Amino acid sequence: MRIVRVSLPVPLPQLFDYTSEDATEGDVGRCVRVPFGRGEKSGVIVAIADDSAIDAARLKAVRHVQREVAPLPRDWLELVAFVARYYHAPPGEVIALALPPGLRRADAVSDREADPLLDVSDAGRAALSAPRRPSRALALLRDLVALGVVRHSVARALPSGDALADALRRGWIVGVRRANPADAAGELPQLTAEQGAALDAVLAAGPGFVPWLLQGVTGSGKTEVYLRLAARTLEAGRQVLMLVPEIALTPQLEARVAGRFPSATVISLHSGLAPGARSRGFVQALEGHADIVLGTRLAVFAALPRLGLILVDEEHDASYKQQEGVRYSARDVAVWRARQRDVPIVLGSATPSLESWQHARAGRYRSLRLSARAVASTLPAVRRIDTRRVRLDEGLSPALQAAIGERLARGEQSLVFINRRGYAPVLSCPSCSWVSPCPHCSANLVVHLADRRLRCHHCGCDSVIPRVCPVCGNQDIQPFGRGTQRIEARLVELFPDARVLRVDRDSARTRKQWEAMLATIAAGEADILVGTQMMAKGHDFAQLTLVGVVGADASLHAADFRAPERLFQQLMQVGGRAGRAHLPGEVLIQTEYPEHPLYRCLVRHDFDAFAARALDERRQAGFPPFTHQAMLRADAPALDDAMKFLAHARRLAQDSAPEGLQVFDVVPMRMTRLARRERAQLLVEAGERALLQEFVGRWIAVLRAQRLPRDLRWQLDVDPLEV
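Numbers 1 to 723, taken from full-length UniProt numbering, label the letters of the sequence shown in order.
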């Protein structure tokens with residue numbers, strides 16, 4: 001009888017011992033189902049032992065070991081152990097986060113490829129040469145003979161593609177696997193001198209661990225560098241992991257990668273996939289059948305036995321940081337994983353995070369630069385519109401309206417960018433000053449006039465727009481402020497002959513809607529776009545030549561010290577959508593602070609000057625990356641309970657805080673109430689990462705031993721993005 005040590009998804013940093021009659025060392029890394037309490041839980045075997053600290057008679061037996069797929073490898077177990085250790089999370093919860101649902105439940109999971117390569121078999125060729133009555137299946141065979149090996153999806157889309165199932169059943173068409181997944185389709189674009197230099201530098205450094213920061217202006221061809229590096233990796237028989245920040249970017253990049261490497265097995269991994277598809281893709285990667293894994297932050301946990309290269313696109317994006325549960329940074333985990341597996345990693349962005357930019361400046365990362373656009377001859381011209389002495393028409397200045405009119409006359413596209421969806425941020429009463437508060441959050445309900453609803457963008461609370469003020473009965477209640485719907489409505493009035501398209505999470509709720517919207521824009525079937533940050537990155541529209549920015553000034557005075565960095569990144573990214581092909585682009589920024597240093601750097605496209613200034617300010621203030629932080633947050637139905645717990649945690653921290661560590665006061669969070677729970681936070685900070693980590697490990701162990709009110713929850717966030 002062997003003893004297996006199992007990691008289970010429970011909020012305890014420990015392993016659980018069970019017995020198994022047939023377990024061997026080869027079962028380490030396999031998913032299992034075990035009895036737990038009065039029910040059953042799924043976990044992962046992390047060790048085999050000969051004895052246990054618990055009496056053998058009290059140990060329960062494993063109910064099921066999943067042996068249908070390969071076990072999770074040692075390096076994968078080391079990866080989740082690092083994440084658990086660095087972010088101070090229970091290992092079982094990290095494993096539960098990292099595994100897809102099917103594996104997590106220890107169910108049988110197929111590794112069958114979702115979109116296999118197909119070719120005409122010998123039997124199919126014989127059927128074509130034999131005298132037969134014409135049929136759709138034979139027509140399909142003739143098309144495939146002319147095309148050669150194609151993907152299932154391509155064959156299905158052919159005029160006679162509805163006969164594919166019949167041809168497969170007859171054995172006329174069979175699945176095949178090409179020898180070289182690096183085979184590229186079509187003629188490759190000519191590299192610019194800077195692209196070639198970047199490619200040569202990475203290849204010259206060899207296959208070992210080197211972290212690269214690829215800083216390239218928008219439209220400079222960073223993706224082409226990624227694809228060339230991926231091709232070299234595939235030629236060496238290795239796998240590529242490519243991360244993108246958001247699901248919205250995945251379909252476009254997936255199509256480009258699959259189009260470049262038609263022989264490679266490209267899989268996507270992200271939370272938007274159906275559970276079966278995500279589990280199947282994970283197993284394909286685990287068993288070495290996937291050549292390229294493309295996905296969002298969850299994909300950093302894909303098990304890759306032949307890993308040879310990691311690519312992180314838009315590495316600055318806050319979406320790489322998980323904001324609930326295990327609060328890990330996929331970008332930082334990817335760098336650790338590249339070091340663990342001794343492979344190169346390329347972090348790409350037009351506007352790198354200040355942390356990565358500082359690493360490159362200090363020599364911890366190697367720097368690559370793309371300073372010119374690959375197709376367009378110049379970067380878009382950036383112009384500031386001083387709105388202090390201008391009367392705005394629903395947020396639109398006369399200069400912006402005139403610029404849109406010019407583009408319409410030339411048959412070009414314009415984008416009006418406002419990072420606020422809905423019709424207006426709040427409904428208000430001019431008589432008694434009532435505003436539309438969310439009953440569950442410290443936020444206001446947003447007016448969505450299209451369907452006459454008030455919605456909270458934080459907790460999802462939804463109600464009908466009232467006809468009168470609920471406090472004083474005044475009938476003259478008005479929406480205050482502007483969102484995408486209000487700007488859209490005014491543009492329709494100003495330009496009645498133009499095709500106005502709103503692009504936000506209200507208009508594109510599903511992947512199919514999003515893909516249809518992108519196709520509409522690319523086909524030139526929309527003249528004026530009104531978009532949020534969904535339009536700010538990763539998109540390439542040849543006819544889009546004007547970007548107008550509305551409402552950017554709010555971030556200049558935000559309490560968060562990272563707000564200016566995010567604003568600069570957002571404006572530079574969204575401005576980069578203009579003039580990416582052969583038509584010149586222009587960016588108009590409406591502002592009441594035209595001489596602000598941030599806008600002056602933006603006009604010059606000078607990220608380095610902005611970054612140097614911002615880092616100097618952070619050094620003087622003692623902010624990251626010159627210090628290291630951990631945030632303890634608590635929430636409860638009553639704010640007093642959360643504050644009392646954190647005050648107690650602060651006293652415990654002060655009792656054991658080493659020299660060089662600072663424990664700040666307990667304060668309510670900026671959004672104190674969220675979904676009917678009151679929230680507070682406690683920040684600890686140190687100048688050295690090792691000092692902070694060592695302290696937090698001891699502190700969290702003490703906190704886990706405290707008796708807490710039943711309805712109080714607490715979480716630790718290492719390297720928080722929001723302070």
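The beta carbon of each residue, even a glycine, is placed where N, CA and C say it ideally should be. None of the values given here were measured: they were computed from a predicted structure.
From residue i to residue j, what distance separates their C-alpha atoms?
i, j, result
"Asp641", "Leu682", "14 Å"
"His88", "Leu445", "36 Å"
"Asp711", "Ala636", "6 Å"
"Arg327", "Leu691", "20 Å"
"Arg364", "Pro211", "8 Å"
"Glu399", "Ala338", "The question names Glu, yet the displayed sequence has Ala at residue 399. Approximately 49 Å between the Cα atoms of the pair."
"Asp313", "Gly295", "10 Å"
"Glu324", "Ser442", "19 Å"
"Pro470", "Gln478", "13 Å"
"Ile385", "Val666", "42 Å"
"Asp17", "Pro100", "24 Å"
"Pro189", "Val375", "10 Å"
"Ala248", "Gln533", "11 Å"
"Ser436", "Arg673", "15 Å"
"Arg689", "Pro466", "52 Å"
"His628", "Leu661", "10 Å"
"Leu140", "Gln543", "37 Å"
"Arg519", "Ala508", "Note on identity: in this sequence residue 519 is Ala, with Arg being the wrong assignment. Approximately 13 Å, taken between the alpha carbons."
Starting from the C-beta of residue i, find all residues in its chain whose C-beta is less than 7 Å away, skip the five residues before and the five after it, and write them out in chain order.
i, result
"Leu12", "Pro90"
"Gly237", "Arg306"
"Ala231", "Ala182 and Ala184"
"Gly272", "Ile247 and Arg511"
In terms of residue numbering, what span does the beta strand (DSSP E) encompassing residue i cover?
i, result
"Thr545", "Leu544 to Val549"
"Leu307", "Leu307 to Val312"
"Phe610", "That residue, Phe610, is in no beta strand (DSSP E); its alpha helix (DSSP H) goes Phe607 to Ala621."
"Gln629", "His628 to Ala636"
"Val174", "Ile173 to Val176"
"Gly102", "From DSSP, Gly102 is part of no beta strand (DSSP E) but of the alpha helix (DSSP H) over Pro101 to Arg104."
"Ser7", "Arg2 to Ser7"
"Val120", "Leu117 to Val120"
"Ser428", "Val426 to Ser428"
"Val603", "First-last for Val603: Pro597 to Val603, but that is the alpha helix (DSSP H), not the beta strand (DSSP E)."
"Val681", "Here residue 681 turns out to be Gln, not Val, going by the sequence shown. Unbroken beta strand (DSSP E) run through Gln681: Arg677 to Ala686."
Excluding five sequence neighbours on each side, which residues of the same chain lie with their C-beta closer than 6 Å to the C-beta of residue i?
i, result
"Gly37", "none"
"Arg228", "Leu199"
"Val44", "Ser7, Cys31 and Ile95"
"Asp107", "none"
"Met631", "Gln681, Leu683, Asp717 and Pro720"
"Ala318", "Leu721"
"Ile310", "Leu241, Ala334, Ala338 and Ile345"
"Arg373", "Gly219 and Ser220"
"Ser153", "Asp115"
"Ser431", "Cys472 and Asn474"
"Phe297", "Before going on, a small fix: residue 297 reads as Arg here, not Phe. Closer than 6 Å at the Cβ level, and outside the excluded window around Arg297, lie Tyr320 and Ala330."
Along the chain, where does the alpha helix (DSSP H) containing residue i start, and where does it finish?
i, result
"Trp336", "Ala330 to Arg341"
"Met242", "Here Met242 belongs to no alpha helix (DSSP H); instead the beta strand (DSSP E) covers Gln239 to Leu243."
"Leu97", "Pro91 to Ala98"
"Ala146", "Arg136 to Leu147"
"Gly196", "Ala193 to Ala204"
"Ala649", "Leu639 to Ser656"
"Val154", "His152 to Arg156"
"Gly295", "Taken as a continuous stretch (DSSP letters only), Gly295 belongs to no alpha helix (DSSP H), being part of the beta strand (DSSP E) at Ile292 to Gly295."
Excluding the five sequence neighbours on either side, which residues of its own chain have a C-beta within less than 8 Å of the C-beta of residue i, listed in chain order?
i, result
"Tyr593", "Asp553, Leu556 and Tyr599"
"Ile700", "His88 and Leu716"
"Met535", "Leu415, Phe417, Val503, Leu529, Val574 and Arg577"
"His440", "Cys456, Cys459, Cys461, Arg673, Leu674, Ala675 and Arg676"
Quiz prompt | 3-residue-minimum beta strand (DSSP E) runs that sit fully inside the segment 344–423, ordered along the chain | solution = 345–349, 366–370, 381–386 and 413–417
Practice problem: Please list the segments of the alpha helix (DSSP H) lying wholly inside the segment 561–595, counting only runs of 4 or more residues, in order along the chain. | Solution: 563–575
Self-check item: Entirely enclosed beta strand (DSSP E) segments - the segment 12–77, minimum 3 residues
Solution: 16–20, 31–36 and 39–49
Self-check item: Segment contact flag, the segment 190–210 with the segment 256–267, C-beta cutoff 8 Å, min 3 pairs
Solution: no
Exercise. Could you tell me whether the segment 162–171 touches the segment 273–281, where touching means 3 or more Cβ pairs closer than 8 Å?
Key: no
Quiz item: Is the number of C-beta pairs between the segment 560–577 and the segment 592–612 that are closer than 8 Å three or more?
Solution: yes
Self-check item: Whole runs of the beta strand (DSSP E) within the segment 208–284, excluding any shorter than 3 residues
Solution: 211–216, 239–243 and 266–269
Self-check item: Three-pair Cβ contact test at 8 Å for the segment 452–464 versus the segment 477–494
Solution: no
Self-check item: Minimum length 3: unbroken beta strand (DSSP E) runs contained in the segment 458–537
Solution: 462–464, 478–480, 500–503 and 528–531
Quiz item: Is the segment 58–65 touching the segment 124–136 in the sense that three or more CB pairs, one from each, lie closer than 8 Å?
Solution: no
Exercise. Check whether the segment 216–234 touches the segment 355–373, counting contact only when three or more Cβ pairs, one atom from each stretch, lie closer than 8 Å.
Key: yes
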